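Trainee:
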Amino acid sequence: MSEFLGKDRRTHYCGDLRESNIGERVCVMGWVKKARDLGGLVFVDLRDRSGIVQLAFDENTEKAVFEKALLLKTEFVVSAKGVVRERSSKNPDIPTGNIEIFADEIKILGESETPPFDITDDCKTNEELRLTHRYLDLRRPVLQNNIIFRAKVAKSVRDYLCDKGFIEIETPILIKSTPEGARDYLVPSRVHKGSFYALPQSPQLYKQLSMVAGFDKYFQIARCFRDEDLRADRQPEFTQIDMEMSFVDTDDVLVLVEGLIKHVFKDCMDVDIPTPLPRYTYRECMERFGSDKPDLRFGMEIINLNDALSGCGFPVFASAIEAGGSVRAINLKGYGDKLSRKEIDKLGEYAKGCGAKGLAWVKRGETDSGSFLKHMTEDELAAIYKATDCVAGDVLLILADSDNNRVLTQLGQLRVEAANRLGVERSGFNFLWVVEMPFFEFDYESGEWVAMHHPFTSPMDECVEYLDSDKGKVRAKAYDLVLNGIELSSGSIRITDPKLQAKIFELLGLSKEEAQVKFGYLLEAFRYGAPPHGGMGIGLDRLVMQMLGVTSLRDVVAFPKMQNAKELMTDCPAEVPAEAVAELGISFVKSEKSE
Ligand code: ASP
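If you want it as structure tokens, here you go:
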């Protein structure tokens, strides 16, 4: 038995005590949230992960105990024993607000210096300071509850998948590169100087090889590492609910994942997600929402005006259409009153920032105003209004470009920006599948076709014939799960024919030799009987973030990194002694310390 705790053993968590415990003698342990000395009375709010309970000391308290209570300061760790009694002044704001513990024994288990910031949910301290003392930050109930909720989600996932016959397999962290389109984190080998391990961007090839090995259904709550420039919704390491199944086609994977989502939302939040989830092809998403991860909690769909404008004399529109591009609009229905000329100009600036040449607009009212009305005939305007169902009170935003994808993407971004600026009501959980993703995408920078997903994704059977002749036409057996405008996960049915896999490597610019060096083991494995298989990786961090309605990944990751990939609490990455580097057979040129 610990000498420190003596005979004390906790009987209850602080936040669990209720009126039903009145009269019971209990022992609680936790942190002092607040101690109030009111003369002959001392009240202490004691906090643990379950919540808060009030300890009371008064004129009936033994003198020695009362004096000890007077020593208590914020964040002291304390064990207290006493009898639960009804409070005289109740606090309806907390679940334990009707009771208190009349404490007759108290032990200080750990003292605390004054913390650098208030351990409260509404603490306004800057995030850097909080992350530097993350162990204190995590004491804040809001964060503590987020992390506990995350654990609940992970358990729920495990329960569901184990129930469905999935086997949890741990795949290695020190591996040969598995490409997912990002840069690898590399780990130098001391034993094999000059050689490097990569940290997995995902367990992709191991899960596929687990299928070749015959495990049939694999899952892992897997850590993935991608060395990318960080944005608000990225971390260099993140967690993925990684799955793979044998003898399946797209439909089987989607149905399984729908079941998983339904189960987890019900189990963890008591929310019913209606299934099957809607499925949209990639093309449809782009045409209607200008995005492959559309937020469907609001409308404002994109409308093609090419037919309405055929033969139009306005050069901006006419030249876009003639060049094979298009003129497209979104109708901000009923938002005319909310959009001043200045606001519309701001949207124009935003559109330019997205690469648009300029924003054409019309605001309909008693008299219509707009940026291009004088260039249009009455008939042309009438055709535009008809195509967009645009009436008094509406605002039309119009973009034109000789490249269809460009105009769609720009308008898709503008759609979301306009909704944000207008404060369009968005609530609930809107899931959808995006299927039939393109196999290749054209990289304007390099002028080359690159794989949209990883190179192990199978092309759709009917598209294989276009692999050489018309890459833009090749669709993949790939699918994304989108929630509220965020890509939650992606997956695919995989290639299992070694010849097709070799061909894809070749099309993606890998020579035979390179393919052999990088992925020879996979090509070889496929020669020994590979079952058809497919799977998915669901971003656990993003899922939890959406479930909790928080806007930063750092609110759902216990020990996150900053935007610059630094972990402030441990100050990592850190320099290492020169000998340690030399041992790895590495010498490096010291550059100015980057921040
Ligand atoms: N490996 C993929 C990813 O990490 C997911 C999958 O295809 O299963 O995005």
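Under the working numbering, the residue at position 505 of the sequence shown is numbered 1002, and the numbers go up by one with no gaps. A virtual CB, placed ideally from N, CA and C, is assigned to each residue, including glycine. These numbers were taken from a predicted model, which means no experiment stands behind them.
1. Check L606 in the structure and name its three-state DSSP category.
2. Determine the contact status of A1012 and V709, defining contact as a CB-CB distance below 7 Å.
3. Report the option in M783, G925 and V639 whose CA atom is closest to the CA atom of D619.
4. Please tell me whether, using a cut-off of 6 Å, the distance from the CB of Q717 to the nearest non-hydrogen atom of the ligand ASP is below it.
5. Answer yes or no: do A857 and A805 have a C-beta to C-beta separation smaller than 7 Å?
6. Can you give the Cα-Cα distance for A695 and E734, rounded to whole angstroms?
7. Tell me whether E677 counts as near the ligand ASP, meaning its Cβ is closer than 6 Å to at least one heavy atom of that ligand.
8. In angstroms with no decimal places, state the Cα-to-Cα distance between A820 and N803.
9. For the ligand ASP, is there any heavy atom lying closer than 6 Å to the beta carbon of S674?
10. Out of curiosity, what's the CA-to-CA distance linking T593 and L628?
11. Could you round the C-beta distance between G579 and L535 to whole angstroms and report it? I think they count as a contact, below 8 Å.
12. Which residue comes first and which comes last in the alpha helix (DSSP H) that contains Q1093?
13. With a threshold of 6 Å (Cβ to nearest heavy atom), would G1034 be considered close to the ligand ASP?
14. Just to confirm, is the Cβ distance from G822 to N901 under 7 Å?
15. Tell me the rounded alpha-carbon separation between T778 and Q910.
16. Does the beta-carbon of S499 have 16 or more other beta-carbons within 10 angstroms, so that it is buried, or is it exposed?
17. For my contact list, I598 and A577 are in at a C-beta cut-off of 8 Å; report their separation, rounded to the angstrom.
18. Would D898 pass as a contact of A848 if the rule is Cβ separation under 7 Å?
19. Considering just the uninterrupted stretch of the alpha helix (DSSP H) at M873, what are its terminal residues?
20. Measuring from the CB of Q701, is there a heavy atom of the ligand ASP at a distance below 6 Å?
21. Using a Cβ distance threshold of 8 Å, determine whether the region 1036-1043 contacts the region 637-653, with at least three qualifying pairs required.
22. Just tell me which of K883, L929, P775 and T736 has its CA closest to the CA of R1051.
23. Kindly confirm or deny that the region 607-615 and the region 561-578 touch, where touching means at least three C-beta pairs closer than 8 Å.
24. Please determine whether the Cβ atom of S547 lies at a distance below 6 Å from any heavy atom of the ligand ASP.
25. What did DSSP end up calling M498 once you bin it into helix, strand or coil?
26. May I have a chain-ordered list of the beta strand (DSSP E) segments no shorter than 3 residues that lie completely inside the region 658-715?
27. Please check the pair F712 and P1029, which I expect to be a contact at CB under 8 Å, by giving their CB distance rounded to whole angstroms.
28. Go ahead and pull the three-state DSSP assignment for D601.
29. Does the region 1004-1022 come into contact with the region 785-795, if we say contact requires no fewer than three beta-carbon pairs (one atom in each stretch) closer than 8 Å?
30. Please name the residue or residues paired with P956 in a DSSP beta bridge.
31. Less than 8 Å between C-beta atoms, sequence neighbours within five positions excluded: which residues of the same chain meet that for E516?
32. Could you tell me whether any non-hydrogen atom of the ligand ASP is closer than 6 Å to the CB of G607?
33. State yes or no: is the C-beta of S707 nearer than 6 Å to some heavy atom of the ligand ASP?
34. Taking 6 Å as the line, does the beta carbon of G831 fall inside it for any heavy atom of the ligand ASP?
35. Do Y882 and W930 have their C-beta atoms closer together than 7 Å?
36. For D1042 and A600, I'd like the C-alpha separation in whole angstroms.
Mentor: Taking the coordinates as given:
1. strand
2. no
3. V639
4. no
5. no
6. 13 Å
7. yes
8. 12 Å
9. no
10. 30 Å
11. About 18 Å separates the two Cβ atoms, so there is no contact after all.
12. The question about residue 1093 has no answer, for the chain in this structure spans 498 to 1092.
13. yes
14. yes
15. 19 Å
16. The predicted position of S499 is uncertain, since its pLDDT is 48 and thus under 50; no value can be drawn from it.
17. 6 Å
18. no
19. No alpha helix (DSSP H) contains M873, which DSSP labels as neither H nor E.
20. yes
21. yes
22. T736
23. yes
24. no
25. Reliability of the predicted coordinates at M498 is poor, the pLDDT of 40 falling under 50, and the value obtained from them is presented with this limitation in mind. Three-state DSSP puts M498 in coil, outside helix and strand.
26. 683-685 and 693-695
27. Not quite, the Cβ-Cβ distance comes to about 15 Å (not below 8 Å), so this is no contact.
28. strand
29. no
30. A973
31. E583, N595 and I596
32. no
33. no
34. no
35. no
36. Reading the sequence as shown, one finds Met at residue 1042 and not Asp. Roughly 40 Å between the two C-alpha positions.
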